[in-house]
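Let me begin by presenting the structure, written as structure tokens, before commenting on it.
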Amino acid sequence: MYSMRMIGIAAALALLTACAGGGPPPGAATSAGAGAGAATMAGPVPGSEEDLVQNVGDRVFFDFNQATLRPDAQTTLDRQAAWLARYPQVRVQVAGNCDDRGTEEYNLALGSRRANATRDYLVAKGVDPSRITTISYGKDRPVALGDNEEAWAQNRNTITSVL
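Take -19 as the starting number for the sequence shown in the numbering used here and just add one per residue.
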């Protein structure tokens, strides 16, 4: 019993000594950890995939059986074009996607038309076409699961990704 009490007192003293040892206050950057803490606090790296997703938006949505850009899609693509102008070294891929209705062939073609419409809009806004590749996944890469309008609407999209 006495030895357990002594061990407890010794542990408490060691803890107090360590806490009072003059280390940096909580939240202060140290030379060893400044890089990691600063990167986390500063947000995504400019020109990165995370920057595109968080600060611009990486996807636009389409109406059922359509490849025509809606006004909300154009607004997002305007932001993407401005972002791409800021980072001329960045190349992107535009992936066209569909909901799970329709045949595989039809959805691959529709996804391709959606990806091309997105690319063409970005090019019209001044993005060099050599910086943009397109691909169609048809209905093979859903972002939302379910057989209802809410899921289908989320899956009718193009997603712009940094290469």
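Every residue gets a Cβ at the ideal spot worked out from N, C-alpha and C, and that includes glycine.
Simplified DSSP state of Y67, which is helix, strand or coil | Here residue 67 refers to the residue found at position 87 of the sequence shown. Correct three-state label for Y67: coil.
Pull up the distance between the alpha-carbon of Q54 and that of Y101, whole angstroms please.
-> Counted from its first residue, the sequence shown places residue 54 at position 74. Counted from its first residue, the sequence shown places residue 101 at position 121. Answer to the nearest angstrom: the Cα atoms are 8 Å apart.
Write down every uninterrupted run of the beta strand (DSSP E) in the segment 24 to 65 whose length is 3 residues or greater and which is fully enclosed by it, in chain order.
-> 39 to 41
Where A75 sits in the DSSP three-state scheme | As a first step, residue 75 is located in the sequence shown; it is residue number 95 there, counting from the start. A75: strand per DSSP, three-state reduction.
Would you mind working out which of A22, E30, P68 and R50 sits nearest D108, comparing C-alpha positions?
-> Within the sequence shown, residue 108 is the residue found at index 128, counting from 1. When only C-alpha atoms are compared, the closest one is P68.
Go ahead and pull the three-state DSSP assignment for V103.
-> Residue 103 sits at position 123 when you count from the first residue of the sequence shown. Helix.
With a CB to CB cut of under 7 Å and the five nearest residues on each side skipped, what residues in its chain are close to G51?
-> Here the question's residue 51 lines up with position 71 in the sequence shown. Inspection of the sequence shows that residue 51 is occupied by Pro rather than by Gly. Cβ within range, chain order: n/a, list empty.
Since I believe Q60 is in contact with V33 (beta carbons under 8 Å), could you give me their beta-carbon distance rounded to a whole number of angstroms?
-> On the sequence shown, residue 33 is found 53 positions in, with the first residue counted as 1. On the sequence shown, residue 60 is found 80 positions in, with the first residue counted as 1. Not a contact, Cβ separation roughly 11 Å.
Mapping DSSP to helix, strand and coil, what is G91?
-> Here residue 91 refers to the residue found at position 111 of the sequence shown. Helix.
Whole-angstrom Cβ separation of D79 and N135, contact assumed at under 8 Å?
-> Against the sequence shown, residue 79 aligns to sequence position 99. Against the sequence shown, residue 135 aligns to sequence position 155. Sure, about 4 Å apart at Cβ, within 8 Å.
Delimiting residues of the beta strand (DSSP E) encompassing N137 | Indexing the sequence shown from 1 puts residue 137 at position 157. For N137, the enclosing beta strand (DSSP E) stretches over residues N137 to V142.
If I'm right that R99 touches V74 with Cβ under 8 Å, what's the distance once you round it to whole angstroms?
-> Within the sequence shown, numbered from 1, the residue matching residue 99 stands at position 119. Within the sequence shown, numbered from 1, the residue matching residue 74 stands at position 94. With 8 Å as the limit, R99 and V74 qualify as a contact, their Cβ atoms being about 5 Å apart.
Measuring CA to CA, which of S141, N137 and L143 is closest to Q46?
-> Position 66 of the sequence shown, counted from the first residue, corresponds to residue 46. Out of S141, N137 and L143, N137 has the C-alpha closest to the C-alpha of Q46.
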